[in-house]
Amino acid sequence: MATTSSRGVILIHSAPRALCPHLEWAVGRALGRAVNFDWADQPVLHGSRRAEFYWEGPVGTGAALASAIRGWEHLRFEVSEDPTPRSDGGRWMHTPGLGIHYAQTDAAGNVVIGEDRVRYAMEVAAGDAFELQRELDVALGSAWDEELEPFRHAGDEQRIVWLHKVG
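Position 77 (the sequence shown) corresponds to 77 in UniProt numbering; numbering is contiguous.
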């Protein structure tokens, strides 16, 4: 049986300059070929760089890529793997403070929360709506999304407008 091929993207949201060649090497090793990223300055975090890299490989490559680059301090990234007719998609997000988060994704890129995870959230919440919301936020990776959002929109030389909560 032929191996099913998948594709996806690696978004390095912020990496220290000194780490950039090491990331290329780790990704290349996971893909089995040399890669070069098109690095740009990350305006949200002075002295850091950002890059996007589109990849193709066997199903499961997204997990291999996320494993290859996790663990370095000061690194923010996302890896996505598109679903195939035979496999689910996935999204891995990493921040220095939160570590790594994995979520299954559907064909449209939406996070899919499995039945067992929903049942667990309901059990832990025990009828408390705020606790249920907290558990579902954890399952969705909301904290990772919140931390990564400014870095996602910092590309294309756009000016960053910081909004702060008051009160």
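Here a beta-carbon is modelled for each residue, glycine too, at the ideal position from N, C-alpha and C. Bear in mind that the values here come from a model prediction, so they are computed numbers and not experimental data.
Proximity to Gly8 [Cα-Cα], best of Glu52, Asp82, His94, Gln42: The shortest CA-to-CA distance from Gly8 to any of Glu52, Asp82, His94, Gln42 is the one to Asp82.
Who pairs with Val111 in a beta bridge, going by DSSP? Answer by DSSP bridge pairing, in chain order: Thr105.
When you compare the CB positions of Phe151 and His46, do they come within less than 8 angstroms of one another, or not? Not closer than 8 angstroms, so no.
Taking just the CA atoms, how far does Gln42 sit from Glu56? Their Cα atoms are separated by approximately 25 angstroms.
What's the C-alpha gap between Ala63 and Ser6? Rounded to the nearest angstrom, the gap between the Cα atoms of Ala63 and Ser6 is 12 angstroms.
Close Cβ partners of Ala30 (< 6 angstroms) along its chain, the five nearest in sequence each way excluded: Here the set comprises Ala64, Leu65, Ala68.
I need the DSSP call for Val9, collapsed to helix, strand or coil. Of the three classes helix, strand and coil, the one that applies to Val9 here is strand, per DSSP.
Use the C-beta contact count for Leu19: other C-beta atoms within 10 angstroms, 16 or more gives buried, fewer gives exposed. Around the beta carbon of Leu19, 16 or more other beta carbons sit within 10 angstroms, so the residue counts as buried.
Can you tell me where the beta strand (DSSP E) holding Arg49 begins and where it ends? Taken as a continuous stretch (DSSP letters only), the beta strand (DSSP E) holding Arg49 covers 48-58.
Assumed close pair Thr95, Glu147 - CB separation to whole angstroms, cut-off 8 angstroms: About 5 angstroms; that satisfies the 8 angstroms criterion.
Whole angstroms are fine: how far does the CA of Thr84 sit from the CA of Ala34? Put simply, the backbone Cα of Ala34 is about 25 angstroms away from that of Thr84.
Cβ of Gly127 within 7 angstroms of any heavy atom in the ligand NAD? No copy of the ligand NAD occurs in the structure displayed, which carries no ligand at all.
In whole angstroms, what separates the C-alpha of Ala125 from that of Phe77? Going by the C-alpha atoms only, they are around 31 angstroms apart.
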